[in-house]
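Visitor:
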Amino acid sequence: MLDDLKIFITAANKNSLTAAAQHLDMTIATVSRRISALEQKLGCELLHRSTKGLTLTPVGESYYEECAEFIDALDQRISNLDQTLNSLKGDLKILAPVNLGSGPLDAFWKNFVQQYPEIELNIELSNALQDIRDTRADIALRSGNQTSSSLIQKKLGHIIPILVASPKASFPLPKTIEDLQQVPSIASKMFADWLLTNNQGELHSLNKEHRHLSNDMTITLNLTKAGAGIALMPMSMVMSALETGELVRVLPEWRGQNREIFLVWPYRRSLSARAKLLRDELTQYLHQQTWFHPSP
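According to the working numbering, the sequence shown is numbered sequentially starting from 6.
(1) Ends of the beta strand (DSSP E) at Gln158?
(2) Are Pro179 and Leu185 touching if we call contact CB-CB under 7 angstroms?
(3) Quick one: using the 10 Å Cβ neighbour count with 16 as the cut-off for buried, is Met195 buried or exposed?
(4) First and last residue of the alpha helix (DSSP H) that includes Lys46?
(5) Hey, out of Leu252, His209, Leu105 and Pro122, whose CA is closest to Ala174's CA?
(6) Who are the near neighbours of Ser219 in its chain, counting only those whose CB is closer than 6 angstroms to its CB and skipping five residues on each side?
(7) With distance defined between alpha-carbon atoms, name the residue in Ala73, Asn91, Tyr69 and Val36 nearest to Leu282.
(8) Are the C-beta of Gly232 and some C-beta of chain D separated by less than 7 angstroms?
(9) Using only CA atoms, which one of Leu237, Met222, Met242 and Leu105 lies nearest to Leu200?
(10) Using the C-alpha atoms, what's the distance from Met242 back to Pro109?
(11) Could you check what DSSP says for Phe176 in three-state terms: helix, strand or coil?
(12) Hey, Thr62 and Leu47 are a contact pair by Cβ (cut 8 angstroms); roughly how many whole angstroms apart?
(13) Measuring alpha carbon to alpha carbon, tell me which of Pro299, Thr181 and Glu129 ends up nearest Lys160.
(14) Could you pull the start and end residues of the alpha helix (DSSP H) that Thr295 belongs to?
(15) Would Ala26 and Thr15 qualify as a contact pair, given that the criterion is a beta-carbon distance under 7 angstroms?
(16) Can you tell me where the alpha helix (DSSP H) with His28 in it begins and where it stops?
(17) When you compare only the Cα positions, how much space is there between Gln294 and Phe113?
(18) Please classify Phe75: is it buried, with 16 or more other beta-carbons within 10 angstroms of its beta-carbon, or exposed?
(19) Using 7 angstroms as the threshold, is the C-beta distance between Asn20 and Gly58 below it?
(20) Short check: CB of Lys230 to CB of Ser171, under 7 angstroms?
(21) With a CB to CB cut of under 6 angstroms and the five nearest residues on each side skipped, what residues in its chain are close to Tyr290?
(22) Ignoring anything shorter than 4 residues or poking outside the segment 191–277, list the alpha helix (DSSP H) runs there in chain order.
(23) Pairs of beta-carbons, one from the segment 258–268 and one from the segment 140–159, closer than 8 angstroms: are there three or more?
(24) What does the Cβ neighbour count give for Asn104, buried or exposed, with the cut at 16 atoms within 10 Å?
(25) Where do the N-terminal and C-terminal ends of the alpha helix (DSSP H) with Asp111 fall, by residue?
(26) The beta strand (DSSP E) with Leu100 in it runs from where to where?
(27) Going by DSSP in three states, Asn104 sits in which element: helix, strand or coil?
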């Protein structure tokens, strides 16, 4: 009915079915039929049709005065929304885990703002699972599959956690998986339970008391670099330290469980052009990283 009211308002403003049809990019027959349908639904005649054009009936005048301002305001809001969704200028709110959004993605954020200076990033990092709808975020980077059916999920790939230590550690590095039980270890609270696997598909669950615990994986990384123990950390966080020799890989035949990475956004919300751009650029960036394993 809103569309029919818009046709009626346009016809009244133009005083002509022909002019209204041209303005709305419709046929004259469609405009006439839609106005007639509206009149039938309302049970009254809204427009007098004559060879001289259209004039409002008294009832049509009342409807026009009631509806015209509302329809114009609605059209303006729709136009503004269309601009908001399709413009590459404006704000873009992103949620991401702390240890992925900061550090491994530092170069990505830098390149993105340099390439698209009119996009205003609002990046919110948290290890807590924030509700993307409550935070009114446009898109979120997530570790692990999300259970909510209200989210669209795009799997980007996975990151492998590996065992690392400082080459200057004061303790002997383990030579077998059983030796791992005896050496000091460091863990973040979210990855305190280590389930390791090897190329043969064997599993080894390490249940031990870690010497150091933290709720921040950057602290775990720094303590490991200081030689305080062995840590199981995502390849994304330790790649540069492995390349410089600040860390070495321990028991390279063993690794942690794949850390699957997803981009998610609300099912019933249209992605803005800015969010689509970030999705595509981030996907391309991750696929170029040696520490990331893209989904097929």
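Just so it is clear, CB atoms sit at the ideal spot from N, CA and C, and this is done for glycine as well. Given the structure is predicted, the values throughout are model-derived calculations rather than measurements.
Guide: Taking the structure as given:
(1) Leu156 to Ile164
(2) yes
(3) By the neighbour-count rule (16 or more Cβ atoms within 10 Å), Met195 is not buried but exposed.
(4) Ile33 to Leu47
(5) Leu252
(6) Ser193 and Thr225
(7) Asn91
(8) In the displayed structure, chain D is absent; only one protein chain is listed.
(9) Here the closest residue by C-alpha is Leu237.
(10) 6 angstroms
(11) coil
(12) At roughly 11 angstroms, the Cβ-Cβ gap does not stay under 8 angstroms, so Thr62 and Leu47 are not in contact.
(13) Pro299
(14) That residue, Thr295, is in no alpha helix (DSSP H); it is neither H nor E in DSSP.
(15) no
(16) Leu22 to Leu29
(17) 11 angstroms
(18) exposed
(19) yes
(20) yes
(21) Phe113
(22) 222–230 and 240–249
(23) yes
(24) buried
(25) Asp111 to Gln120
(26) First-last of the beta strand (DSSP E) with Leu100: Gly95 to Ala101.
(27) helix
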